[in-house]
Amino acid sequence: MAKQKLTATARRMKAIRDKRAAMTADRREKKAENQRKRRAAIKEGKNIKNKDYDHKDRKFKSTKANRGNDGKGTKKE
1 MAKQKLTATA RRMKAIRDKR AAMTADRREK KAENQRKRRA AIKEGKNIKN KDYDHKDRKF
61 KSTKANRGND GKGTKKE
């Protein structure tokens with residue numbers, strides 16, 4: 001994926017928006033859940049390299065498969 005070409009002002013504003021989105025209660029809960037699941041999976045000896053936890057399907061998926069709402073796009077989420 002190509003890096004976005006943003007002006008300095010746009011880059012700063014995007015950083016603020018992204019930080020605000022990342023710090024919402026919902027995102028923080030998902031981050032904490034992801035950490036717990038990853039630690040437990042590693043402890044069980046599972047190979048989760050290059051995989052992300054899918055909160056909707058409740059399992060580890062490849063990073064590629066965990067994007068875009070299972071092929072339906074993100075507009076309907």
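Residue numbers (the working numbering): 1 to 77.
Backbone N, C-alpha and C fix where the C-beta goes; we use that ideal spot for every residue, glycine too.
Note that the coordinates shown come from a computational prediction; the quantities given were computed from them, not determined experimentally.
Start-to-end residues for the alpha helix (DSSP H) that takes in residue i
i	result
residue 26	25-43
residue 71	68-71
Per-residue DSSP class, three states only, for residue i
i	result
residue 51	strand
Span of the beta strand (DSSP E) around residue i
i	result
residue 14	That residue, residue 14, is in no beta strand (DSSP E); its alpha helix (DSSP H) goes 8-22.
residue 61	59-62
Beta-carbon contacts of residue i that lie in its chain and below 6 Å, excluding the five residues immediately before and after
i	result
residue 66	52 and 54
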